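S.K.: Taking full-length UniProt numbering, the leading residue of the sequence shown gets 1, the next gets one more, and so forth.
Structure incoming, see below.
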Amino acid sequence: MINQIVIKYTQIFINNEWHKATNGKTFSLINPSTGEEICQVEEGIRGDVDKTVEVAQTAFDIESPWHKLDPLSFSQHKSICRKWKHLTMLIALKPTEQTPHSAHYRAALIKEAGFPPDVVNIIPDDGPECGYAIAVHAHIDKVACTNSVEVGKKIQEAATTSNLKCVTLEL
Numbered sequence: 001m002i003n004q005i006v007i008k009y010t011q012i013f014i015n016n017e018w019h020k021a022t023n024g025k026t027f028s029l030i031n032p033s034t035g036e037e038i039c040q041v042e043e044g045i046r047g048d049v050d051k052t053v054e055v056a057q058t059a060f061d062i063e064s065p066w067h068k069l070d071p072l073s074f075s076q077h078k079s080i081c082r083k084w085k086h087l088t089m090l091i092a093l094k095p096t097e098q099t100p101h102s103a104h105y106r107a108a109l110i111k112e113a114g115f116p117p118d119v120v121n122i123i124p125d126d127g128p129e130c131g132y133a134i135a136v137h138a139h140i141d142k143v144a145c146t147n148s149v150e151v152g153k154k155i156q157e158a159a160t161t162s163n164l165k166c167v168t169l170e171l
């Protein structure tokens with residue numbers, strides 16, 4: 001028998017900090033082998049996407065920690081930051097509602113590795129609201145999604161009607 005796993009992170013990760021959802025709601029994460037609840041996870045909504053985009057855009061400010069990073073000062077384990085800085089890539093990740101903890105763990109590692117705030121943000125949710133908000137957001141320029149053909153079509157349509165953002169689909 002496996003010992004009880006301790007779940008450390010269940011919140012939304014914005015600006016290198018853990019936050020409760022804007023609406024205060026959570027959803028159940030269910031163990032598929034037993035049908036039992038593992039824990040409650042914060043449920044991101046459009047307001048959380050808006051907050052994420054607002055924070056992420058500050059990474060481009062001349063005074064932001066991200067903008068001020070000196071590529072020569074990176075240690076070996078931070079070399080990916082150096083590469084990302086020149087690509088001006090900001091990430092707003094919405095993990096699937098069945099497996100948010102792998103994304104939560106990545107967020108903890110990102111913070112521990114010393115990534116600047118506002119660069120990687122993670123918004124779990126339990127349904128289409130958060131994903132739709134990402135697909136139609138005027139300040140998000142690219143969406144990548146692994147999902148069903150049905151969901152892929154909806155994302156493509158939403159992206160087309162907002163700002164013609166680039167969409168990569170793995171269906």
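All C-beta atoms, glycine included, are put in the ideal place defined by N, C-alpha and C.
It should be emphasised that the depicted structure is a prediction, and the values quoted were computed from it without experimental measurement.
Could you tell me which residues DSSP puts in a beta bridge with Ser28?
M.R.: In DSSP, Ser28 forms a bridge with Gln40.
S.K.: Relative to the C-alpha of Thr161, which residue among Val49, Asn23, Ala21 and Ala138 is closest?
M.R.: Selected option, being the one with the closest Cα: Ala138.
S.K.: Please report the distance separating the alpha-carbon of Glu36 from that of Thr58.
M.R.: If you take the alpha carbons of Glu36 and Thr58, they lie about 41 Å apart.
S.K.: Could you tell me whether the segment 109-119 touches the segment 25-40, using the rule of 3 or more Cβ pairs below 8 Å?
M.R.: The segment 109-119 is not in contact with the segment 25-40.
S.K.: Which residue comes first and which comes last in the alpha helix (DSSP H) that contains Thr52?
M.R.: Looking at the DSSP string, the run of the alpha helix (DSSP H) that includes Thr52 is Arg46 to Gln57.
S.K.: What does DSSP give as the partner residues of residue 204 in its beta bridges?
M.R.: The shown model of the chain, from 1 to 171, leaves out residue 204, and the question about it has no answer.
S.K.: Please go through the same chain and pick out, in chain order, the residues whose beta-carbon is closer than 8 Å to the beta-carbon of Gln40, but skip the five residues on each side of it.
M.R.: Excluding sequence neighbours, Gln40 sits near Thr10, Thr26, Phe27, Ser28 and Leu29.
S.K.: Between the alpha carbons of Val53 and Ala92, how many angstroms are there, rounded?
M.R.: In a straight line, the C-alpha of Val53 is about 8 Å away from that of Ala92.
S.K.: What does the Cβ neighbour count give for Lys94, buried or exposed, with the cut at 16 atoms within 10 Å?
M.R.: That one is buried.
S.K.: Roughly how many whole angstroms lie between the Cα atoms of Ile110 and Ile140?
M.R.: Answer to the nearest angstrom: the Cα atoms are 21 Å apart.
S.K.: Based on the DSSP output, what are the partners of Asn121 in its beta bridges?
M.R.: Note: Asn121 sits in a beta bridge opposite Ala92.
S.K.: Buried or exposed, going by whether 16 or more other CB atoms sit within 10 Å of the CB of Lys142?
M.R.: Its Cβ having fewer than 16 others within 10 Å, Lys142 is exposed.
S.K.: Within its chain, find whatever has a CB closer than 7 Å to the CB of Ala144; leave out the 5 residues flanking it on each side and keep chain order.
M.R.: Once the five neighbours on either side are set aside, the close Cβ partners of Ala144 are Thr168.
S.K.: So, at 8 Å on beta carbons, what are the nonlocal neighbours of Lys154 in its own chain, with the 5 sequence-adjacent residues on each side left out?
M.R.: Counting only Cβ-Cβ distances below 8 Å, and skipping sequence neighbours, we find Pro128, Tyr132 and Ala135.
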